[in-house]
Structure formats: C-alpha cells, structure tokens
Amino acid sequence: MALQANIDMVYASQPCWLQDLRLALNKLSPQLQLPRNLRSMQVGEIDELRKQVSKVADEYLNSEIQRLSQTYLLCNRLEPLEDGKFTRKTRMLRHYLVLVENADYRRAITALFFGRHVFAIARLGWMKDNPIQRERRLCRFCKVVIETPEHAALQCQADLYTVNLRNNLREAVRAGNKWEIPINLTNQSSLYWFKKILFNWDLIGLCAKYMYEISVHWAKTKMFIAPEEITGNQ
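Following the numbering used here, the residues of the sequence shown are numbered contiguously, the last one being 235.
As structure tokens, this is what we get:
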C-alpha cells in the first residue's frame with residue numbers, strides 16, 4: 002500500500018520517496034531509470050533494477066580503488082571461496098572485521114587498507130596545500146626507501162625492535178602456513194608478501210596484532226623528510 006501511495010504521488014507530481022529514488026538513480030547513473038509505467042511495474046523489473054544498481058555501484062567503487070593512491074593495498078584483492086578457489090568481490094563483510102576480535106588491532110589493519118596509517122607514504126601526503134613529494138617520504142629509520150606499510154612490516158632492517166617483531170611473525174607464519182618469508186625483500190616482493198599475509202584468513206589475526214604493535218612503535222619516532230635534492234628509491 003505504501004508503494005501504491007507513492008506511485009499515486011508521482012503521477013500527481015507530489016514529493017515522495019519514489020521521486021527521491023528516481024533522482025538518486027539518475028545521479029548514480031543516467032542509465033538507471035525506474036520503469037516508465039509505474040502502475041504496471043512487475044517484481045522482475047524491480048529485481049533487474051537492483052542488479053543494475055549493484056553493478057554500477059561496484060564499478061564505481063572499483064574505479065575509485067584503482068584511482069586513489071592510498072587504497073593500493075585493495076587493488077586486485079581476491080577473497081577465498083569454500084572450494085579453495087579465489088574470486089574478486091567488491092562489497093562483502095570482510096574477513097578482518099570478523100576474525101580480528103581486538104578492536105585496536107582491527108582498527109590498525111583497517112587503517113592500512115584506507116591509507117590512514119602512521120607511515121610516511123600516507124601521512125606526508127595528507128597536507129592539501131603543500132604535500133611532500135612522494136620520493137622525499139623516506140623511512141624514518143633507514144632513510145633510504147620510501148616509507149610504506151610493507152617496507153615497515155617486512156623490509157626495513159634499521160630498527161631492532163621491528164626486526165625482532167618481524168622474526169616472531171616469520172616464525173609463526175612458518176609454523177602455521179609453512180610459508181618461508183624471505184629476509185631480504187625488494188620493494189615489489191615486500192608488497193607481494195604483505196598482501197599475501199593480509200588477505201589470508203588464517204593469518205589476519207596475527208598480522209593485525211603485528212601491524213598494531215609496529216604502528217605504535219613507529220609513531221614514537223619522528224618522520225623523516227629527505228632534502229629536495231635527495232631522491233628516494235621507488
């Protein structure tokens with residue numbers, strides 16, 4: 002009855018939620034339209050519209066993930082299926098929101114995915130008026146490589162506390178998953194291993210705790226900004 006009342010209001014050119022829905026659909030995509038004849042609208046038409054909205058929303062979210070530099074960890078993310086295979090899912094209840102019970106650890110891991118962490122690659126780019134060039138956002142400890150989460154987690158050897166935590170992580174991963182994380186990693190391989198651990202359901206709790214601990218530790222040391230004449234490694 003509520004739907005029929007709104008349909009009557011549409012034809013009477015009166016404001017109603019169905020009119021708002023029409024405006025929202027048009028703003029989302031000009032291709033999304035309510036059926037022309039609302040009075041004879043069928044369930045199948047509504048279901049088809051819902052599918053179209055989901056498709057457009059997923060395409061938009063994926064394009065934003067690819068466009069924004071701070072969401073690079075989410076690019077090409079794969080989710081495991083029950084049969085052991087993997088697939089891409091744009092929208093779902095993510096494993097880290099369920100499997101990581103500690104709220105601090107959960108916030109730390111979520112911050113990584115959306116570029117709201119403590120590491121220089123994100124922090125020094127937040128300044129809208131005068132952001133620091135990417136190549137100058139070097140690691141606060143080794144002062145050689147651009148400071149990214151994966152560099153801090155798996156690559157930097159200049160801080161003993163971080164190295165000790167990392168060794169504990171490597172031992173736990175070896176014992177649980179039989180993976181041998183290399184000690185010496187390139188920028189590319191560190192990103193590969195970092196994402197491999199992050200998106201593994203069995204390891205996410207361990208990884209979240211680890212990232213929380215090193216985030217707290219790294220935040221205690223002032224970030225390093227390289228002089229303009231120095232270019233960091235990409």
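Cβ coordinates follow ideal geometry from the N, Cα and C atoms, glycine included.
Treat the numbers as computed from the prediction; the structure is a model and nothing was measured.
- T222 sits in coil when the DSSP states are folded into three classes, being neither helix nor strand.
- Every alpha helix (DSSP H) of 4 residues or more that sits fully in the segment 131-185 is shown, in chain order, as 161-178.
- Excluding five sequence positions before and after F114, the CB atoms of its chain that fall closer than 6 Å to its own CB belong to L74, L75, given in chain order.
- In the DSSP assignment, T91 is bridged to no other residue.
- Per DSSP, the unbroken alpha helix (DSSP H) holding T111 starts and ends at 104-114.
- By the criterion of at least three beta-carbon pairs nearer than 8 Å, the segment 80-97 is in contact with the segment 202-221.
- Per DSSP, the beta bridge partners of P81 are F87.
- In this structure, the beta-carbon distance from K223 to R107 does not fall below 8 Å.
- Look at E46 here: in three-state DSSP terms it is helix.
- In the displayed model, G126 falls within coil according to three-state DSSP, outside both helix and strand.
- At a Cβ-Cβ threshold of 8 Å, E148 and R135 do not count as neighbours.
- Under the Cβ criterion (8 Å, minimum of three pairs), the segment 154-163 counts as touching the segment 190-198.
- Around the CB of D84, fewer than 16 other CB atoms lie within 10 Å, so the residue is classed as exposed.
- For S216, same chain residues with a beta-carbon under 7 Å away, outside a window of 5 residues either side, are A109, H118, V119 in chain order.
- Contact between L29 and V54 holds, since their C-beta atoms are separated by about 7 Å, short of 8 Å.
- Here E172 has no same chain residue with a Cβ atom under 8 Å from its own Cβ, once five neighbours each way along the sequence are excluded.
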